[in-house]
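>
Residue numbers (my numbering), protein chains in the order written: chain W, 1 to 111; chain Y, 1 to 116.
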């Protein structure tokens, strides 16, 4: 079955810089990938969804790309702020409701 | 306000004492799911339901039961809890597409369960 791999190491960046998080999947390309933000002790919150026929999607300071050749999605936060500090999760639906989440990448934005 | 609610939010219990964690959504979503989250293991799906009376196993269903008698409710039942079920549990709901995929997942606030 599919596996998702996200950078397990925390990402530390300076305020104002662009954060780039990686999500790699192992098998067939999913119909779409989703990105979520999770704060400690709270439920994940949806950020963006990108479909396999979309190369890129944007929402305010967020951008997601989807490369089916590399089997990878990149999540970018431009002009990062300390309030962006959280864990970011990547997820895919294997179809029929079976969802797989990556372990998440913890982002820390220092002022 | 659109939301997914879970109860209780915190629970400490003892091995073998049956418990139920309730989950309810007010968005008329077809799809509902339960996850557990453990340090270093991420979110793992326990059970999911694409609609009323339809449930399927996720990656870690052992030791859990679910039922979906009504669209809005999806309780998680631990018939005989054990310490390895100590975890943070999340319920989620979503609409579904005509192609059989889920859409944006809306998560509940979580239930922190400790089994002694």
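Just so you know, even glycine gets a beta-carbon here, dropped at the ideal spot from N, CA and C. Computed from a predicted model, the values in this text were never measured in an experiment.
(1) Who are the Cβ neighbours of residue 83 (chain Y) in its own chain at under 8 Å, not counting the five residues just before and after it?
(2) Pick out whichever of W:57, W:6, W:84 and W:14 has its Cα sitting closest to the Cα of residue 26 (chain W).
(3) If you check the beta carbons only, do residue 108 (chain Y) and residue 13 (chain Y) fall under 8 Å apart?
(4) Using the Cβ count rule (16 or more neighbours within 10 Å means buried), how would you classify residue 100 (chain Y)?
(5) Pick helix, strand or coil for residue 59 (chain Y), following the three-state DSSP scheme.
(6) If you draw a straight line from the C-alpha of residue 110 (chain W) to the C-alpha of residue 11 (chain W), how long is it?
(7) Is DSSP giving residue 67 (chain W) helix, strand or coil here?
(8) For residue 16 (chain W), decide whether its Cβ has a neighbour in chain Y, counting only Cβ atoms nearer than 8 Å.
(9) Is any beta-carbon of chain W found at less than 8 Å from that of residue 109 (chain Y)?
(10) Since residue 118 (chain Y) is in the beta strand (DSSP E), which residue starts that stretch and which ends it?
(11) Which first and last residues belong to the beta strand (DSSP E) in which residue 109 (chain W) is found?
Per the coordinate set shown:
(1) The residue given as residue 83 (chain Y) occupies position 83 in the second chain. Correct list, in chain order: 15, 115 and 116.
(2) Residue 26 (chain W) sits at position 26 when you count from the first residue of the first chain. Closest by alpha carbon: W:6.
(3) Against the second chain, residue 108 (chain Y) aligns to sequence position 108. Against the second chain, residue 13 (chain Y) aligns to sequence position 13. Cβ atoms of residue 108 (chain Y) and residue 13 (chain Y): not closer than 8 Å.
(4) The residue labelled residue 100 (chain Y) in the question sits at position 100 within the second chain. Result: exposed.
(5) Residue 59 (chain Y) sits at position 59 when you count from the first residue of the second chain. Residue 59 (chain Y): coil per DSSP, three-state reduction.
(6) Residue numbering aside, residue 110 (chain W) sits at position 110 when the first chain is read from its first letter. Residue numbering aside, residue 11 (chain W) sits at position 11 when the first chain is read from its first letter. Answer to the nearest angstrom: the Cα atoms are 11 Å apart.
(7) Residue numbering aside, residue 67 (chain W) sits at position 67 when the first chain is read from its first letter. In the structure shown, residue 67 (chain W) sits in a strand (DSSP, three-state: E or B).
(8) Taking the first chain and counting its residues from 1, one reaches residue 16 (chain W) at position 16. For residue 16 (chain W), the answer is no, since every Cβ of chain Y falls outside 8 Å of its Cβ.
(9) Mapped onto the second chain, residue 109 (chain Y) falls at position 109. True, the Cβ-Cβ gap to chain W drops below 8 Å.
(10) Since the first residue shown for chain Y is 1 and the last is 116, residue 118 (chain Y) is missing from the structure and cannot be characterised.
(11) Position 109 of the first chain, counting from 1, holds the residue named residue 109 (chain W). That run of the beta strand (DSSP E) goes 105-110.
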